[in-house]
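Trainee: Protein chains in written order, with our numbering: chain A, 1 to 177; chain B, 178 to 400.
Once you've had a glance at the structure underneath, I'll fire off some questions.
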């Protein structure tokens, strides 16, 4: 037993804390670094996802056509909506196909193909009395039921009828098929 | 004169070993087209990199005229294409190079596949190569929107629908990519940022890893 060891046994064994000085320093330094790193990264992430968290424009109803002019044959109507796209505000033209169903209800379909978003049209040479998409040949019935290619029926505008006029609102999933 | 300048710098910084280490290495006989002409298939990786460099350079110059703004983007592209001297050439390099880089990358992948070069110990390099492939596709997708013409707009709309078809999170991916619910002003700036800063940053990092690994592990042996 050398001198040092003898000396140690003379003392009570020191009860050491769980954490060494090295551990303490690396935790504090690591924590501070992580904190500062997050301080730099979090604002950027929040900045990037901001469009996801912005309040969505509530859709207004727009007057498009007199109710008496709606027939059982779908007809295309154009109307303008006010659109806020960040710093850019515009009044883009929207399209809808309006028709009276066999149940007498007026309904309006969006001409955006549910396959990949091309613009469809009613009753062309390729598909009489059907909606036809020029891109990949999707077809829909008058009620918007997907007959070919497309996975879902055409979206439907919310419809409101007031004083003999048809008003179109936001798009919703098809309720007719 | 250049030799003198080089020696002056080399005396102080000892740069010779650095570039020797990068540039001075043997090319094995089986990958040298001068020995076996069929070895030209080993050039596709280098050609991909060559075209990538052209893409980076021509892209840098295109941003001297281009603005990522929905009102002016088309006109700025039209202007640089038709009014600026050699505009058609510089934009042509970027336009055709974008397709060519995919072709070259595909041929390089085929060569690696059919020579079995992806096998141990080079599996990680194959994986990094695949990541580079996806980054390149992302660069193509984001770059396609930037001229803001009909083709660009509708191609992106279709791309958004594809992104939106991912189960569960598709809607969020779509909105995050588009920077809103429509393909519009915020989509264009977002795609520009991704195309010009984010993906090239990722690409250069992955390329560095790709090249580091091929130098460390060497070219795979002959068939």
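Positions of the beta carbon are idealized from the N, C-alpha and C atoms, including for glycine.
In terms of DSSP beta bridges, what is residue 209/B paired with?
Mentor: DSSP, once it has assigned bridges, lists no residue as partnering residue 209/B.
Trainee: Of all the CB atoms in chain A, is at least one closer than 9 Å to the CB of residue 315/B?
Mentor: Judged by the 9 Å Cβ criterion, residue 315/B is not in contact with chain A.
Trainee: Can you tell me the Cβ-Cβ gap for residue 200/B and residue 209/B, rounded? I've got them flagged as a contact below 8 Å.
Mentor: Incorrect: roughly 16 Å between the Cβ atoms, too far for contact.
Trainee: Please report how far the alpha carbon of residue 177/A lies from the alpha carbon of residue 146/A, in whole angstroms.
Mentor: Going from the Cα of residue 177/A to the Cα of residue 146/A covers about 9 Å.
Trainee: Should residue 56/A be flagged as near chain B, meaning a C-beta pair shorter than 9 Å?
Mentor: Yes - at least one Cβ of chain B is within 9 Å of the one on residue 56/A.
Trainee: Can you pull the chain A residues whose beta carbon is under 7 Å from the beta carbon of residue 334/B, in chain order?
Mentor: Per Cβ cutoff of 7 Å: 117.
Trainee: Determine, for residue 138/A, whether the minimum Cβ-Cβ distance to residues of chain B falls below 9 Å.
Mentor: Judged by the 9 Å Cβ criterion, residue 138/A is not in contact with chain B.
Trainee: Answer with buried or exposed for residue 262/B, where buried requires no fewer than 16 other C-beta atoms within 10 angstroms of its C-beta.
Mentor: Exposed.
Trainee: Can you tell me the Cβ-Cβ gap for residue 141/A and residue 132/A, rounded? I've got them flagged as a contact below 8 Å.
Mentor: The pair is not a contact, with the Cβ atoms about 11 Å apart (cut-off 8 Å).
Trainee: Measure the CB-CB distance between residue 331/B and residue 124/A and report whether it falls below 9 Å.
Mentor: Not in contact: residue 331/B and residue 124/A (Cβ atoms no closer than 9 Å).
Trainee: Determine the chain A residues that contact residue 359/B at a beta-carbon separation under 8 Å, and present them in chain order.
Mentor: Ordered by position in chain A, the residues that pass the 8 Å Cβ test against residue 359/B are 83 and 85.
Trainee: Is it right to say residue 312/B is buried, meaning 16 or more other beta carbons lie within 10 angstroms of its own, or is it exposed?
Mentor: It is buried - the Cβ of residue 312/B has at least 16 other Cβ atoms within 10 Å.
Trainee: Thinking C-alpha only, which one of 258/B, 247/B and 274/B is nearest residue 87/A?
Mentor: Nearest option by C-alpha distance: 247/B.
Trainee: What's the gap between the Cα of residue 393/B and the Cα of residue 387/B?
Mentor: Each residue's alpha carbon lies about 10 Å from the other.
Trainee: Use the C-beta contact count for residue 342/B: other C-beta atoms within 10 angstroms, 16 or more gives buried, fewer gives exposed.
Mentor: Under this definition residue 342/B is an exposed residue.
Trainee: Please report the straight-line C-alpha distance between residue 43/A and residue 167/A, rounded to a whole angstrom.
Mentor: Each residue's Cα considered, the two are about 42 Å apart.
Trainee: Reducing DSSP to helix, strand and coil, say where residue 338/B ends up.
Mentor: It is helical.
Trainee: Quick one: what does DSSP say residue 111/A is sitting in, helix, strand or coil?
Mentor: Residue 111/A: coil per DSSP, three-state reduction.
Trainee: As an exercise, report each continuous alpha helix (DSSP H) stretch of at least 4 residues that is fully enclosed by the region 250 to 280 of chain B, in chain order.
Mentor: Qualifying alpha helix (DSSP H) stretches, in chain order: 250 to 259.
Trainee: In three-state terms, what does DSSP make of residue 304/B?
Mentor: Helix at residue 304/B.
Trainee: Residue 33/A by DSSP, collapsed to three states: which one?
Mentor: The answer is helix: DSSP assigns residue 33/A an H, G or I state.
Trainee: I'd like to know if residue 52/A contacts chain B, where contact means its C-beta is closer than 9 Å to some C-beta of that chain.
Mentor: Closer than 9 Å: yes.
Trainee: Within 10 Å of its beta-carbon, does residue 183/B have 16 or more other beta-carbons around it, so buried, or fewer, so exposed?
Mentor: Residue 183/B should be labelled exposed.
Trainee: How many Å lie between residue 346/B and residue 19/A at the Cα?
Mentor: Spanning the two alpha carbons is a distance of roughly 43 Å.
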